[in-house]
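Residues 5 to 397 (the numbering used here) make up the sequence shown, in order.
Single-structure report; data block below.
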Amino acid sequence: MVKSLLTLAGVPLRNRVIVAAGCHGADGDMIVRTSREGVAAITTKTIVAQAVPDVRPCFAAMEGGFLNSVFGSTLPAEQWFGRELPQAREAGIPIIASLAGRHPAEAADLARRAVAAGAAMVEMPTVCPHMGEILAAMFPGLTSPSTEVHDVAPYVANLRAVKAAVDVPVIVKFSALFHANVLQWATAVEAAGADAITCADSFGPAIKIDVESGEPSLGGPRGVGGLTGPALKPIVLRMILEMAPHVSIPLIGVGGISRAEDAVEYFMAGASFVGVVTAGHLKGARAFSKIVAGIDQWVADHGYSEVSDFIGLAQRKIEARRQRGLVAITGPQPPIIDPQRCTGCRQCEISCVYEAIHVADDKLAHADVSKCYGCGLCRDVCAVRAIRFAYFD
């Protein structure tokens, strides 16, 4: 596999895997330790002018996802600029300073100080789905602005101020709450000078309840938080897919990446880089290096020279469907079963509500064409990829 020189908005990177904003960027020491996992860049926990503590408990693991009720960094901004960012530079890789200013002047000031302290890039988050009610509980009488997903103007004002204040790339980070109007946001921030888009931050508010106690798993007034992890991936993939043909700036896909194949999906949707964070919580920091190595292995195993060979592949496949008139196939096709791969595990049989597939005495799966609805589920429940369909061949 041949690797070409990678850059993100002009900043050289050693691969395409970035540690997204979160606790693996909680301070300088954590950033240095995480950098040993071979990642391309690390994003700090979001630095704010007035740090506030997190309610506890603040993390909850769940099947297919992860909830958190954290805000930005609990460290003072002065500590970040005086100690943490200078220490983080010892990692020897680009550090992305995640910064959240309440208004343009504050956003610009934070950005200037972060860059002076050594940040190679700046990232600006948009909205936090659980912030308002928790802050109101912490500080009675405090009025927090409502979560804004429709009016781009206030955010663009902050973005323009930051762009005018620093000479490093400025990355915009969308929330998954923008899933219904992501193109509106994408075109607006590109016009305002954004150098890249990270997509996406958490979705919510969401909740998990402990069925033994009846308690919400998270702290705070109602125990709500932001949803990340695998459950978010299909939504964010579609957001990337929608933006990619309409913007010329790089897209960084974040959400549910726990193995190389997840990253490959984002590349095929149109992302040039990926961000990982939840996997680091659930599987430890080694998850980052495994994803980096796994991408290289996947590329080699599939006969590609480099990732750029298949960035946007899904876009091209979708266009091919359109050109061939395959955008609305209504007739069923039966599955094609590879007897060399089939192990006779019966998972396809168990999953088929139409009773159209069964494992025979020869220990192989067989499809009943007269019953098959052509739904495609058997393909995806097969652990050994022994089943495929020919709808788009």
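All C-beta atoms, glycine included, are put in the ideal place defined by N, C-alpha and C.
Computed from a predicted model, the values in this text were never measured in an experiment.
For this session: Starting from P238, follow the beta strand (DSSP E) in both directions and report where the run begins and ends.
Result: Residue 238 sits at position 234 when you count from the first residue of the sequence shown. Not the beta strand (DSSP E): P238 falls in the alpha helix (DSSP H), residues 237-247.
Problem set entry | Own chain residues within Cβ distance below 7 Å of P254, not counting five before or after | Taking the sequence shown and counting its residues from 1, one reaches residue 254 at position 250. Same-chain partners within the cutoff: L12, A13, A200, S276, F277.
Exercise. Is it right to say I213 is buried, meaning 16 or more other beta carbons lie within 10 angstroms of its own, or is it exposed?
Worked result: Taking the first residue of the sequence shown as 1, we reach residue 213 at position 209. By the neighbour-count rule (16 or more Cβ atoms within 10 Å), I213 is not buried but exposed.
Problem set entry | For K177, the three-state DSSP class (helix, strand or coil) | What you label residue 177 is simply residue 173 of the sequence shown in a count that begins at 1. Strand at K177.
Exercise. Which whole-angstrom value is the C-beta distance of I256 and G279, which I expect to be below 8 Å?
Worked result: Counting from 1 along the sequence shown, the entry for residue 256 is found at position 252. Counting from 1 along the sequence shown, the entry for residue 279 is found at position 275. The Cβ separation is near 5 Å, so the contact holds.
Exercise. What's the call for P339, buried or exposed, on a 16-neighbour Cβ count within 10 Å?
Worked result: If you number the sequence shown from 1, residue 339 lands on position 335. Flag for P339 reads buried.
Exercise. In three-state DSSP terms, what is L317?
Worked result: Taking the first residue of the sequence shown as 1, we reach residue 317 at position 313. If DSSP states are grouped into helix, strand and coil, L317 belongs with the helices.
Problem set entry | beta strand (DSSP E) segment containing H306, residue limits | Sequence index remark: in the sequence shown, residue 306 carries index 302 (1-based). Premise fails: H306 is in no beta strand (DSSP E) and is neither H nor E.
Exercise. Can you name, in chain order, every residue of its own chain whose Cβ lies under 8 Å from the Cβ of A248, other than the five neighbours on each side?
Worked result: Within the sequence shown, residue 248 is the residue found at index 244, counting from 1. So the list reads L255, A273, G274, A275, G316, Q319, once near-sequence residues are dropped.
Exercise. Count the other CB atoms within 10 Å of the CB of M66; is the residue buried (16 or more) or exposed (fewer)?
Worked result: Against the sequence shown, residue 66 aligns to sequence position 62. Exposed, by the Cβ-count rule.
Exercise. Does the distance from the CB of A104 to the CB of G69 come in under 8 Å?
Worked result: Locating residue 104 in the sequence shown gives position 100, where the first residue counts as 1. Locating residue 69 in the sequence shown gives position 65, where the first residue counts as 1. In this structure, G69 does not lie closer than 8 Å to A104 by Cβ.
Exercise. Where does the unbroken alpha helix (DSSP H) through L163 begin, and where does it stop?
Worked result: The count along the sequence shown starts at 1 and reaches residue 163 at position 159. Note, L163: alpha helix (DSSP H), 157-169.
For this session: Return helix, strand or coil for G414, following the three-state DSSP convention.
Result: Outside the modelled stretch of the chain, which goes from 5 to 397, sits residue 414, for which no answer is possible.
Exercise. Relative to the alpha-carbon of L231, which residue among V215, E216, G259 has its alpha-carbon at the smallest distance?
Worked result: Residue mapping note: residue 231 aligns to position 227 of the sequence shown, counting from 1. Among V215, E216, G259, the Cα nearest to that of L231 is on G259.
Exercise. What are the complete beta strand (DSSP E) segments, minimum 3 residues, inside the segment 29-74?
Worked result: 45-47, 63-66, 69-72
For this session: Ignore the nearest five residues each way along the sequence and tell me which others in G197's own chain have a CB closer than 6 Å to its CB.
Result: Counting from one through the sequence shown, the residue named residue 197 turns up at place 193. So the qualifying residues of the chain are K167.
For this session: Could you tell me whether the Cβ atoms of D205 and A235 are closer together than 8 Å?
Result: Taking the sequence shown and counting its residues from 1, one reaches residue 205 at position 201. Taking the sequence shown and counting its residues from 1, one reaches residue 235 at position 231. Not in contact: D205 and A235 (Cβ atoms no closer than 8 Å).
Problem set entry | Which listed residue (A112, A120, A141) has its alpha carbon closest to that of V163 | Your numbering for residue 163 matches position 159 in the sequence shown. Val is not the amino acid found at residue 163; the sequence shown has Leu there. That would be A112, whose Cα lies nearest to the Cα of L163.
Exercise. For V278, which residues does DSSP report across the bridge?
Worked result: Walking along the sequence shown from the start, residue 278 turns up at place 274. In DSSP, V278 forms a bridge with V21, G257.
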